[in-house]
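The next block holds one structure in the form of structure tokens; read it before the comments.
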């Protein structure tokens, strides 16, 4: 599902001037810190901790903050997380109607490709979809280890009605969660097979993304860019390649959700014990948008 070579890990370490031994020591430091925090409901595995370190450029303090928020937000945004378990009927229905894929072979060894496509128009439930993306993040925290992501959105079957469902108010919670917990670095965001009516969506992205990030967004009217992104062996069968089909990749992700069902069920029960928190949490700072979007920075 997530092919990661030791050489690729080494390359990521080197980008941040780390060695495998240094990362092991950093992970142990974070683990000892977690043990000293009585309000945290569990201790993460070494793999999870290393991923939080990687996503935060191996800053110990930032990784600690994100790990704390990983649990804290489940209480502060309980309504969002209440629909985040992949086993829910609404999620299963959406998975029947769309492809949510991660490619097992990373591009250049260190860039994970995520491909998303709805199979038919007017089926997109944005609340369930955004929660589904966080389920993908959860699996990746356990298994993946990349330098950055390449996100491909195939708009072929997306209708104007689907685009109208993407509103600032709907994106508010996912953006807070992304900023406070996950820091996956975005290398590129491709819209392929795009229609003119997605202009409102692009305008919204321009509003919420920092300029350096918006520069990584590319809009294409066809799918020819995929012939540049992938080799023939990597490109999905639907696009004339020899790689696995989108359905195969989607089935793999669905199976992975099933493999992690026990974890998702446990997450539904995990909560911070605020009475044991060493320092009081400032909810206003965490949730305060003061009526405006903060620009989203994804490195």
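Residue numbers (UniProt numbering): 1 to 299.
Ideal placement from N, C-alpha and C gives every residue a C-beta, glycine not left out.
- A check of alpha carbon separations from residue 280 across 58, 72, 34, 83 identifies 72 as the nearest.
- A straight line joining the alpha-carbon of residue 60 with that of residue 234 spans about 36 Å.
- Residue 220 and residue 155 have their alpha carbons spaced roughly 10 Å apart.
- Note on residue 161: under 16 other CB atoms within 10 angstroms of its CB, so exposed under the neighbour-count rule.
- In this structure, DSSP gives residue 191 an extended state, which the three-state scheme calls strand.
- Remark: three or more beta-carbon pairs, one from each stretch, lie closer than 8 Å, so the segment 262-270 and the segment 128-146 are flagged as touching.
- Just so you know, the alpha carbons of residue 96 and residue 246 end up roughly 13 Å apart.
- Scanning 102, 32, 57 for the CA closest to the CA of residue 252 turns up 102.
- Here DSSP, grouped into helix, strand and coil, assigns residue 154 to strand.
- By the Cβ rule, the segment 101-115 does not count as touching the segment 74-88, because fewer than three pairs are nearer than 8 Å.
- The DSSP-derived three-state label of residue 98 is strand.
- A distance below 8 Å between beta-carbons, with the five flanking residues on each side excluded, links residue 216 to the following residues of its chain, in chain order: 186, 187, 188, 189.
- Assigned with DSSP and collapsed to three states, residue 256 falls in helix.
- Across the set 118, 232, 163, 230, the C-alpha of 163 shows the shortest separation from the C-alpha of residue 203.
- Pairing residue 276 with residue 38 gives a Cβ-Cβ distance under 8 Å.
- Within the segment 109-175, complete beta strand (DSSP E) segments of at least 3 residues are found at 111-118, 148-154, given in chain order.
- Judged by DSSP in its simplified three-state form, residue 61 adopts helix.
- A residue is called buried once 16 or more other Cβ atoms fall within 10 Å of its Cβ, and residue 206, having fewer, is exposed.
- Taking residue 240 as reference, the option from 249, 200, 227, 256 with the minimal CA-CA separation is 227.
- Within the same chain, no residue comes within 8 Å of residue 169 by CB-CB distance, once the 5 residues on both sides are set aside.
- Under the three-state reduction of DSSP, residue 217 is assigned to strand.
- The beta carbon of residue 126 is closer than 7 Å to those of 165, 166, 170 in its chain, skipping five residues each way along the sequence.
- DSSP lists 105 as the beta-bridge partner residues of residue 3.
- By the neighbour-count criterion, in which 16 or more other beta carbons inside 10 Å mark a residue as buried, residue 250 falls on the buried side.
- Excluding five sequence positions before and after residue 238, the CB atoms of its chain that fall closer than 8 Å to its own CB belong to 245, 246, given in chain order.
- Within the same chain, and ignoring the five residues on either side of residue 146 in sequence, the residues whose Cβ sits closer than 7 Å to its Cβ are 106, 110, 111, 112.
- Excluding the 5 residues flanking it on each side, residue 120 has same chain C-beta neighbours closer than 7 Å at 97, 157, in chain order.
- Less than 8 Å separates the beta-carbon of residue 152 from that of residue 115.
- DSSP links residue 186 through a beta bridge to 149.
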